[in-house]
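Note that the working numbering has the sequence shown beginning at 194, numbered continuously upward. Here the structure is laid out as structure tokens; the discussion comes afterwards.
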Amino acid sequence: AVRRFGSTNTLHRACKQGNFGIVKKILSPETLVNRPDVNGKDSFGPTALHEASYFGHDDIVR
194 AVRRFGSTNT LHRACKQGNF GIVKKILSPE TLVNRPDVNG KDSFGPTALH EASYFGHDDI
254 VR
């Protein structure tokens, strides 16, 4: 299940923190239930991909 943390969710948080392992697990084909919308925005507007890019986590952006 994807947990929410205030204005964001697990995918956004993992991308922001550069946690490639968690991002990979969340987006894996085995995670079909409660998978977050990869294009979903948090309450401030950025997507998880925007967060990863902004914080310099190139491994996630690729």
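Where a beta carbon is used, it is the ideal one built from N, C-alpha and C, also for glycine. Predicted model, so just to flag it, every value in this text is computed and none were measured.
{"query": "Residues that DSSP places opposite Thr240 in a beta bridge", "result": "Lys234"}
{"query": "Stretch-stretch touch, CB-based, cutoff 8 Å, three pairs: the stretch 247 to 255 with the stretch 218 to 226", "result": "no"}
{"query": "His205, enclosing alpha helix (DSSP H) - first and last residue", "result": "Thr203 to Gln210"}
{"query": "Beta-carbon gap between Pro229 and Asn202 smaller than 7 Å", "result": "yes"}
{"query": "Endpoints, alpha helix (DSSP H) assigned at Leu220", "result": "Phe213 to Leu220"}
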